[in-house]
Amino acid sequence: MGNSFYHKVGAAFLFAAALIYTTERIGHKMAGLAVSEMPGFFGNVFVPVFSLIGIVIFVFGFPGGRR
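FYI, full-length UniProt numbering numbers position 40 of the sequence shown as 40, with every residue one higher than the one before it.
Written out as structure tokens, the structure is:
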């Protein structure tokens, strides 16, 4: 598997985390609740997990000192 594969998979995980986070915030705004807090980054367990996995895989795709 080449580096391109890791970049694509890492970007897909980051995109999924961003999509979940954005959808959650849009849903909160549309609900129109008078007194409630906006969902935070750690409010949904999948957002930080997908972000961490995406960053690790994305960075792993960059060539290092391996030969």
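We put the beta carbon where it would ideally sit given N, CA and C, even for glycine.
Nearest-angstrom Cα separation, counted from residue j out to residue i
{"i": "A11", "j": "H28", "result": "26 Å"}
{"i": "H7", "j": "A16", "result": "14 Å"}
{"i": "F41", "j": "S51", "result": "10 Å"}
{"i": "S4", "j": "V56", "result": "14 Å"}
{"i": "A31", "j": "T23", "result": "12 Å"}
{"i": "V59", "j": "Y21", "result": "22 Å"}
{"i": "F46", "j": "G61", "result": "22 Å"}
{"i": "M38", "j": "V9", "result": "29 Å"}
When the options are compared against residue i, the one with the closest alpha-carbon
{"i": "L19", "options": "N44, F58, G61, P63", "result": "N44"}
{"i": "F13", "options": "N3, G54, P48, P63", "result": "G54"}
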